[in-house]
Amino acid sequence: MHTIVKKLLIALLLAVPTLSAAETAPTLLTAPAPTPAVAEKKPEATTLQTVRIGSVDINKIGTDSDRGKALKALLEERKVGLQAKIDARKKQIEKFKSSIEAKISKMSPQQREAKSKEFQKKLEEFQKFAQSSEEYLYSLQSKESQALFEDIEKAAVAYGTANKLAAVVIKKELLYVSSSVEALDVTADLIKALNEAGLKQ
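Take 127 as the starting number for the sequence shown in our numbering and just add one per residue.
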């Protein structure tokens, strides 16, 4: 019981200062006089500014530009050259196979095994050559296509800057254009710029 009384006294002592502070009259703060309401200026109706965006048909540049045509011709030339080498090696293997088949009945088992291993080795070399030729063509196409795309990007930046375009995008990636956007097909202009840049080199 004694502890309960102590706790009540402590609580009462703590509450007295806050109660005495609450009994004092609050001082009034004078608020500044309200300012008369001024009519807000409404913004004048603004017209939508048209944004100009250029679009480019990359495939058309690849087929119609001098650089694209040169790339296609280069790849075709290399493909024909490599195909001729592949065909020549294939004929050699077929000729070797025919000569083995003609003599196989007269060969000893050791000779047959040796010729079989030799034929297998030539066949593996042929397959490696064909695969490396294909990889070479793919690498060449990738490298040259990347270089062409970088030149297209440079031409697009120069054209877009000179003609105050907000952006130049790839045509097939443009799905929707609002009425506030002026979409321009700049493919022919970029082909012309690429051809002129090619003449300067």
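C-beta atoms are modelled at their ideal positions from N, C-alpha and C, and glycine is treated no differently.
Buried or exposed (CB count within 10 angstroms, at least 16 for buried), residue 278:
Walking along the sequence shown from the start, residue 278 turns up at place 152. Per the 10 Å Cβ criterion, buried.
Of the residues 283, 266 and 216, which one's Cα is nearest the Cα of residue 251?
Position 125 of the sequence shown, counted from the start, is the residue given in the question as residue 251. Closest option to residue 251, Cα to Cα, is 216.
Just to confirm my understanding: we take residue 154, look at its own chain, exclude 5 residues before and 5 after, and list those with CB closer than 7 Å. What are they?
For the purposes of this step, residue 154 is taken as residue 28 along the sequence shown, with counting starting at 1. In this predicted model, residue 154 has a pLDDT of only 48, less than 50, meaning its place in the structure is not dependable; the value taken from the coordinates is given anyway. Non-local C-beta neighbours of residue 154 in its own chain, meaning closer than 7 Å and more than five positions away in sequence, are absent.
For residue 234, the three-state DSSP class (helix, strand or coil)
Mapped onto the sequence shown, residue 234 falls at position 108. Reduced to three states, the DSSP call for residue 234 is coil.
What are the uninterrupted segments assigned as alpha helix (DSSP H) that are 4 or more residues long and contained completely in the region 275 to 326, given in chain order?
313 to 326
The region 263 to 277 in contact with the region 234 to 241 per 3-pair CB rule at 8 Å:
In short, these stretches do not touch, since the Cβ pair count stays below three.
Proximal residues to residue 147 (C-beta, below 8 Å), its chain only, five neighbours per side dropped:
To locate residue 147, count along the sequence shown from 1; it is residue 21. Summary for residue 147: the model assigns pLDDT 49, below 50, so the residue's position carries little reliability; its value from the coordinates is reported in the next sentence. If we look at residue 147 and ignore the five residues flanking it on each side, it has no Cβ neighbours.
Short of 7 Å in beta carbon distance, which residues of its chain neighbour residue 253, apart from the five on each side in sequence? Order them along the chain.
Position 127 of the sequence shown, counting from 1, holds the residue named residue 253. Taken in chain order, the list of residues that qualify is empty.
Given this structure, state the Cα-to-Cα distance separating residue 226 from residue 299, to the nearest angstrom.
Here residue 226 refers to the residue found at position 100 when the sequence shown is read from its first residue. Here residue 299 refers to the residue found at position 173 when the sequence shown is read from its first residue. Pairing residue 226 with residue 299, the inter-Cα distance amounts to about 59 Å.
Compute the Euclidean distance between the alpha carbons of residue 317 and residue 190, then round it to the nearest angstrom.
The sequence position of residue 317 within the sequence shown is 191, counting from 1. The sequence position of residue 190 within the sequence shown is 64, counting from 1. Straight-line Cα distance between these residues: approximately 7 Å.
Comparing C-alpha positions only, which one of 263, 268 and 219 sits nearest to residue 244?
Counted from its first residue, the sequence shown places residue 244 at position 118. Closest option to residue 244, Cα to Cα, is 219.
Looking at the strands, I want to know which residues DSSP matches up with residue 179.
Counting from one through the sequence shown, the residue named residue 179 turns up at place 53. Its beta-bridge partners are 293 and 309.
Nearest-angstrom Cα separation, counted from residue 206 out to residue 288
Here residue 288 corresponds to residue number 162 of the sequence shown, with the count starting at 1. Here residue 206 corresponds to residue number 80 of the sequence shown, with the count starting at 1. Cα to Cα, the separation comes out at about 42 Å.
Residue 301 versus residue 196 - alpha carbon distance
Taking the first residue of the sequence shown as 1, we reach residue 301 at position 175. Taking the first residue of the sequence shown as 1, we reach residue 196 at position 70. Each residue's alpha carbon lies about 31 Å from the other.
Is it buried or exposed for residue 303, if we count other Cβ within 10 angstroms and need 16 for buried?
As a first step, residue 303 is located in the sequence shown; it is residue number 177 there, counting from the start. Result: exposed.
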